[in-house]
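Student: One structure, pasted below without further comment.
Numbering (the numbering used here), first residue to last: 16 to 225.
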């Protein structure tokens, strides 16, 4: 029963961290939200976001949630299931498009907008759907589908995450997750060192041979 109560309050917790960001991080360009059983290649993610900032227009860079989008999922009506939802809670047969909640990236303008959208909105307890489905739609936010850039551990190997081909991976064992994060860092710094050495070699060659 305790775990059910935790899930019932998860959307309130989401509103709390949105409020915290709005109050204490008002100049943040992006907000990364990830669960504690997820490992992310933050280096690859930041490179992607920086490239996006450099290439898209200001208008296209606003009001976005980057995530793995769930489409046309039926609302669970079986009472024995963990995500059972009553008709009173949500009368719709299907959910709106929304994000897999284990890892999402918000543009910095969204926390305040989502909080404003929540003020007159009926509370719904599944936080992933309440924030990235109901409130995002009300706020006219755009869901940017990363598809298989966000995965569970059975969908791809660790190398895909280490190499930066995926951004986030749900882990069933977080002791392995810690080891994976260390390998991600090692690979990043190895690449940085190689790039630095190559740059130095080219500079030396240009200086003495041209």
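From the three backbone atoms N, C-alpha and C, an ideal C-beta is built for every residue, glycine too.
Would you please state the rounded distance, in angstroms, between the beta carbons of residue 82 and residue 129? I believe it to be under 8 Å.
Tutor: Wrong, their Cβ atoms sit about 14 Å apart, outside the cutoff.
Student: Would you mind giving the Cβ-Cβ distance between residue 54 and residue 192, rounded to the nearest angstrom? I have them listed as a contact below 8 Å.
Tutor: So it is a contact: roughly 5 Å between Cβ atoms.
Student: Could you check where the beta strand (DSSP E) with residue 105 kicks off and where it finishes?
Tutor: Residue 105 -> no beta strand (DSSP E), and no H or E assigned at all.
Student: Between the C-alpha atoms of residue 162 and residue 211, what's the straight-line distance to the nearest angstrom?
Tutor: Cα to Cα, the separation comes out at about 33 Å.
Student: Which runs of the beta strand (DSSP E) spanning at least 3 residues fall entirely within the stretch 162-219, listed in chain order?
Tutor: As far as the stretch 162-219 is concerned, its whole beta strand (DSSP E) runs of at least 3 residues are 165-167, 183-185.
Student: How big is the Cα-Cα spacing for residue 206 and residue 188?
Tutor: The straight-line gap from Cα to Cα measures roughly 27 Å.
Student: Using DSSP's beta-bridge definition, name the partner residues of residue 160.
Tutor: Residue 160 is bridged to 82.
Student: Quick check on the DSSP output: what are the complete alpha helix (DSSP H) runs of length 4 or more inside the stretch 49-78, in order along the chain?
Tutor: Listed in chain order, they are 57-70.
Student: Taking C-alpha atoms, which residue in 43, 126, 105, 92 lies nearest to residue 31?
Tutor: Of 43, 126, 105, 92, the residue nearest in Cα terms is 126.
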